[in-house]
Amino acid sequence: MIALLPRSRSLRIQLGSREFERDLIRTLGAARDASVLTPKYSRRSVDDALLALETNGLIHRVKSTLVLDLHEHPDASAATLLGDKLLTFDSVSISTPLGAPAFEELLGILRERGISVRAAWTAGTTVVVGADDGRTAPCLRCALRFDTQLRDVTPGVLEGKRIEVEVRSGAVQLANALLAMMSQPGAAIPNPGRAHVVDALDLTSRWETYPRHPSCSCEPVRTDSQPVCESWEAAEPRRFTPLICLERSDSSRPARVLFRRTPSLRTVSAADYGIASAAGPKADLRAFAEGVERYCMLHCPPDVRSTSATELTNAFEERVIRGSLFPPEAYGRAGFRHPRFEMGLQMDWSWASPMRDDSVARRLVPTSMIGSPSAGGTRLVDTTSNGYAAHTHRETAIALAALEVIERDAILLWWHGLGTVQRIEDGWLPPAWRASTVGFLATRDVDLPVVMLTTRLPSGGCRMTSAAATNFDAAWAKAVSEMEAALWTLEKFGSRPLRESLDSAEARHGPSEHLAFFLRPQNAERLFDRVSQAPTISARELQDRWSGNGENLPPIASALAAAGLTGWFVDRSLPMLFGPWTVARVFIPDALEVAWGAAYPRLNSPRLLRALAGRAPELFPHPIA
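Per the UniProt record's numbering, the very first residue in the sequence shown carries number 1; after that it's consecutive.
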């Protein structure tokens with residue numbers, strides 16, 4: 001027998017009867033004693049061989065636990081913390097502050113090797129204790145990705161800095177004590193999917209459940225498990241949930257919901273979250289729906305991973321994909337961040353189905369064109385929420401998503417040089433807005449009402465919102481509620497400064513940078529000049545022209561077909577998390593899509609180029625924000 005002793009670098013060997021076993025044991029012993037890691041006998045292969053020998057009864061390893069305290073070494077790497085200890089220990093206990101850089105990496109290494117983990121992490125005055133057996137889903141990385149009680153996002157209210165420091169110090173001591181208790185013989189260990197949450201301030205405790213995270217590589221759990229975030233009411237009291245419902249709306253503020261942008265655990269701060277907000281009727285429900293939409297946009301996995309178009313028989317044609325991306329000259333700019341689409345390029349893909357005609361076969365679209373690819377996957381464009389919608393009624397979700405693509409397409413076609421907008425009579429605006437806000441009709445070749453509102457701010461800057469529907473009243477109401485939320489958010493939180501020029505191809509811009517750009521009076525004047533000579537149109541006339549159901553899919557599909565366009569629906573739903581919510585992403589080939597930064601215009605659409613008839617498009621940054 002062979003005994004692998006705790007905290008020892010040697011093997012006690014009693015030779016077996018077979019020659020190959022003797023040779024293998026000799027080699028393993030030499031590799032361990034001399035810390036030799038050759039290409040043939042890497043640390044992983046040595047560990048795997050030891051495990052195989054133990055499984056076959058050829059060796060017996062003395063059970064022991066490695067204890068790591070990341071509170072004492074918060075900046076240490078996983079390699080430094082582990083060294084060559086993994087061959088010596090059967091389980092690991094980790095005490096750590098939430099967000100310690102090595103924590104996620106440690107969990108990944110230990111999971112890959114099937115080593116059980118017990119962990120206690122602290123977030124402010126709270127201690128969370130969980131366990132991972134190295135095999136079962138959900139794992140501890142799932143729990144961490146759903147742990148929404150982050151100090152920088154939802155700070156607890158404590159009286160005085162001294163008390164706060166003392167309590168947080170007590171939380172670390174409590175975490176270590178709880179781990180020590182779990183290491184005792186016969187101690188209760190939390191099952192996968194359950195965590196013990198203890199408040200060090202008043203020593204109250206509770207058990208909470210957590211689901212498998214869609215981006216995690218641990219084996220999926222049963223699909224019939226209960227969703228954790230069906231509604232605001234279901235999410236609000238939970239610790240492990242995809243969304244943080246911050247505050248409900250009232251007459252003075254919109255509803256606000258936070259969603260995690262990234263599954264990475266390496267940074268834990270407010271910057272890792274996005275915010276969904278809504279004002280007006282059903283604001284709480286609409287803010288929650290937008291949070292569901294954004295979360296699924298970022299975390300729903302692809303259907304086909306790391307495959308080239310040449311290996312597929314049912315992908316969209318090369319011309320369709322290229323027509324939705326950047327013009328050829330854009331790729332030559334210094335610092336341009338995205339590769340040119342090539343048929344042999346490895347990437348992730350997602351299934352798209354026709355919006356209305358079930359007789360047409362579904363097609364594969366590059367995931368990065370409609371969402372976020374898997375970690376490390378090829379990105380043809382930056383992820384945007386354009387063309388996304390969430391609703392508990394499937395057809396309504398598809399209709400809302402299609403309307404957003406139509407809305408943005410109309411605004412972008414006008415902005416880049418096609419046609420003019422029409423000013424809608426002022427009597428339809430709220431009285432308090434009439435001195436600063438103007439409404440416009442921006443409809444292009446898709447015959448549906450697209451309403452655009454522009455507001456001149458006291459600073460001289462501009463805020464623009466827009467909306468589309470199948471009837472004019474609904475489009476107008478949506479644009480007004482969008483403006484209400486935009487102005488409230490701007491007044492309360494301001495805007496992040498524009499640190500880098502929108503012309504920079506190396507910078508990663510987003511809607512907040514476009515907002516900051518048009519808050520500058522000199523840039524806002526460009527928009528005001530474009531609309532200053534717009535002819536006036538009667539709102540009554542627009543009501544008569546479009547009086548259908550505001551969210552009905554058939555007239556949307558008909559309007560697209562009349563313009564020579566076809567809509568495709570990508571299902572990005574995560575029912576395990578959000579239950580009945582359908583999250584739709586609509587892709588309309590040849591429609592213009594939003595991109596951020598002047599260096600990244602998605603202006604390769606044949607439809608746009610035909611309409612421009614040789615003229616150069618307007619390349620000034622668009623006002624959508």
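By construction, the Cβ of each residue, glycine as well, lies at the ideal position given by its N, Cα and C atoms.
Taking C-beta to C-beta, are Glu-104 and Arg-141 nearer than 8 angstroms? Stepping through the sequence shown from its first residue, residue 104 is reached at position 104. Stepping through the sequence shown from its first residue, residue 141 is reached at position 141. Yes, the pair counts as a contact, with Cβ atoms nearer than the cut-off.
Buried versus exposed call for Arg-408 [16 or more other C-beta atoms within 10 Å across all chains shown]: Taking the first residue of the sequence shown as 1, we reach residue 408 at position 408. With 16 or more other Cβ atoms within 10 Å, it is buried.
Minimum C-alpha distance to Asn-523 - residue among Leu-498, Ile-537, Trp-546 and Arg-540: Position 523 of the sequence shown, counted from the start, is the residue given in the question as residue 523. Measuring from the Cα of Asn-523, the nearest candidate turns out to be Leu-498.
Scan the stretch 186-273 and note each continuous alpha helix (DSSP H) run of 4 residues or more that stays entirely inside, going in chain order. 232-235
Pairwise C-alpha distance: Arg-319 and Gly-614: Residue numbering aside, residue 614 sits at position 614 when the sequence shown is read from its first letter. Residue numbering aside, residue 319 sits at position 319 when the sequence shown is read from its first letter. In a straight line, the C-alpha of Gly-614 is about 20 angstroms away from that of Arg-319.
Does DSSP put Cys-142 in a helix, in a strand, or in coil? Numbered from 1 along the sequence shown, position 142 holds the residue referred to as residue 142. Looking at Cys-142 - three-state DSSP - the assignment turns out to be helix.
Just to check my reading of the structure: Glu-484 and Gly-280 have Cβ atoms closer than 8 angstroms, yes? What is that Cβ distance to the nearest angstrom? The residue labelled residue 484 in the question sits at position 484 within the sequence shown. The residue labelled residue 280 in the question sits at position 280 within the sequence shown. Glu-484 to Gly-280, Cβ: 6 angstroms. Contact.
Which residue's Cα is closest to the Cα of Ala-289: Gly-494, Thr-65 and Val-583? Reading the sequence shown from its first residue, position 289 is the one you call residue 289. Ranking the options by Cα distance to Ala-289, first place goes to Val-583.
Please classify Ser-183: does DSSP put it in a helix, a strand, or coil? To locate residue 183, count along the sequence shown from 1; it is residue 183. Residue state, collapsed to three classes: coil.
Starting from Trp-568, follow the beta strand (DSSP E) in both directions and report where the run begins and ends. The count along the sequence shown starts at 1 and reaches residue 568 at position 568. Counting along the chain, the beta strand (DSSP E) containing Trp-568 begins and ends at 568-571.
Specify, as a first and last residue, the run of the alpha helix (DSSP H) that residue 627 falls within. Nothing about residue 627 can be read from this structure; the chain reaches only from 1 to 625.
Member of Glu-219, Val-365 and Gly-597 whose CA lies at the smallest distance from the CA of Cys-139: Locating residue 139 in the sequence shown gives position 139, counting from the first residue. Nearest C-alpha to Cys-139: Glu-219.
Return the residue from the list His-196, Leu-179, Gly-417 and Thr-126 that minimises the CA-CA distance to Leu-619. In the sequence shown, the residue the question calls residue 619 occupies position 619. When each option's Cα is compared against that of Leu-619, the closest is Gly-417.
Tell me where the alpha helix (DSSP H) around Val-292 begins and ends. The count along the sequence shown starts at 1 and reaches residue 292 at position 292. 283-299 is the span of the alpha helix (DSSP H), which, as asked, contains Val-292.
Identify the residues that DSSP records as bridge partners of Ile-537: which are they? The residue labelled residue 537 in the question sits at position 537 within the sequence shown. Paired residue(s): Ile-424.
Check Trp-351 in the structure and name its three-state DSSP category. On the sequence shown, residue 351 is found 351 positions in, with the first residue counted as 1. Three-state DSSP puts Trp-351 in a strand.
Check whether the stretch 364-380 touches the stretch 557-567, taking contact to mean three or more Cβ pairs, one atom from each stretch, closer than 8 angstroms. no
Residues near Arg-151 in its chain [Cβ-Cβ closer than 6 angstroms; skip 5 each side]: The residue labelled residue 151 in the question sits at position 151 within the sequence shown. Note that Arg-151 scores 42 on pLDDT, short of 50, meaning its location in the model is unreliable; the coordinates nonetheless yield the value given after this. For Arg-151, where only same-chain residues beyond five positions count, the Cβ hits under 6 angstroms are Ala-123 and Gly-124.
Could you tell me whether the Cβ atoms of Thr-443 and Gly-548 are closer together than 8 angstroms? What you label residue 443 is simply residue 443 of the sequence shown in a count that begins at 1. What you label residue 548 is simply residue 548 of the sequence shown in a count that begins at 1. Not in contact: Thr-443 and Gly-548 (Cβ atoms no closer than 8 angstroms).
Contained beta strand (DSSP E) runs [length at least 3] in the stretch 89-129, N- to C-terminal order: 91-97 and 116-123
Is it the case that the Cβ atoms of Arg-294 and Ala-276 are separated by a distance below 8 angstroms? Residue mapping note: residue 294 aligns to position 294 of the sequence shown, counting from 1. Residue mapping note: residue 276 aligns to position 276 of the sequence shown, counting from 1. Yes. Within cutoff.
Under the three-state reduction of DSSP, which class applies to Met-464: helix, strand or coil? To locate residue 464, count along the sequence shown from 1; it is residue 464. Here Met-464 sits in strand by DSSP.
Quick one: Cα of Leu-110 to Cα of Ser-95, how far? Taking the first residue of the sequence shown as 1, we reach residue 110 at position 110. Taking the first residue of the sequence shown as 1, we reach residue 95 at position 95. Spanning the two alpha carbons is a distance of roughly 15 angstroms.
Going by the beta-carbon positions, is the gap between Arg-456 and Phe-440 smaller than 8 angstroms? Within the sequence shown, the letter at position 456 stands for residue 456. Within the sequence shown, the letter at position 440 stands for residue 440. Not closer than 8 angstroms, so no.
Considering just the uninterrupted stretch of the alpha helix (DSSP H) at Ser-481, what are its terminal residues? Residue 481 sits at position 481 when you count from the first residue of the sequence shown. Where Ser-481 is concerned, the enclosing alpha helix (DSSP H) stretches over 472-493.
Opening and closing residue of the alpha helix (DSSP H) in which Ser-368 lies: Within the sequence shown, residue 368 is the residue found at index 368, counting from 1. First-last of the alpha helix (DSSP H) with Ser-368: 367-370.
Let me confirm a value: Glu-317 is counted as buried when at least 16 other C-beta atoms fall within 10 Å, else exposed. Which label applies? Sequence index remark: in the sequence shown, residue 317 carries index 317 (1-based). Burial call: exposed.
Sorted by chain position, which residues of the same chain lie with C-beta nearer than 8 angstroms to Arg-194's C-beta, five sequence neighbours on each side aside? For the purposes of this step, residue 194 is taken as residue 194 along the sequence shown, with counting starting at 1. For Arg-194, where only same-chain residues beyond five positions count, the Cβ hits under 8 angstroms are Gly-130, Trp-207, Glu-208, Thr-209 and Tyr-210.
Can you tell which of Ser-466, Val-480, Trp-488 and Ala-410 has the C-alpha that lies nearest to the C-alpha of Asp-447? As a working note, residue 447 is residue 447 in the sequence shown. Taking only the C-alpha atoms, the option nearest Asp-447 is Ala-410.
Inter-residue spacing [alpha-carbon to alpha-carbon] between Arg-496 and Ala-516: For the purposes of this step, residue 496 is identified with residue 496 of the sequence shown, where counting begins at 1. For the purposes of this step, residue 516 is identified with residue 516 of the sequence shown, where counting begins at 1. Going by the C-alpha atoms only, they are around 7 angstroms apart.
Over what stretch of residues does the alpha helix (DSSP H) that includes Val-586 continue unbroken? Position 586 of the sequence shown, counted from the first residue, corresponds to residue 586. It is not in any alpha helix (DSSP H) - Val-586 instead sits in the beta strand (DSSP E) that spans 582-587.
Arg-610: buried (16+ other C-beta within 10 angstroms of its C-beta) or exposed? Position 610 of the sequence shown holds residue 610. Exposed, because fewer than 16 other Cβ atoms sit within 10 Å of the Cβ of Arg-610.
Cβ of Val-128 less than 8 angstroms from any chain C Cβ? In the structure shown, chain C does not exist; there is a single protein chain.
Could you give the distance in angstroms between the alpha-carbon of Val-257 and the alpha-carbon of Pro-101? The residue given as residue 257 occupies position 257 in the sequence shown. The residue given as residue 101 occupies position 101 in the sequence shown. Approximately 27 angstroms, taken between the alpha carbons.
Counting C-beta neighbours from all protein chains within 10 Å, is the total for Phe-326 16 or more, i.e. buried, or is it exposed? Position 326 of the sequence shown, counted from the start, is the residue given in the question as residue 326. Result: buried.
Keeping to the same chain, check which residues put their C-beta closer than 8 angstroms to that of Trp-414; ignore five residues upstream and five downstream. Your numbering for residue 414 matches position 414 in the sequence shown. Closer than 8 angstroms at Cβ, skipping near neighbours: Thr-420, Val-421, Ala-442 and Arg-444.
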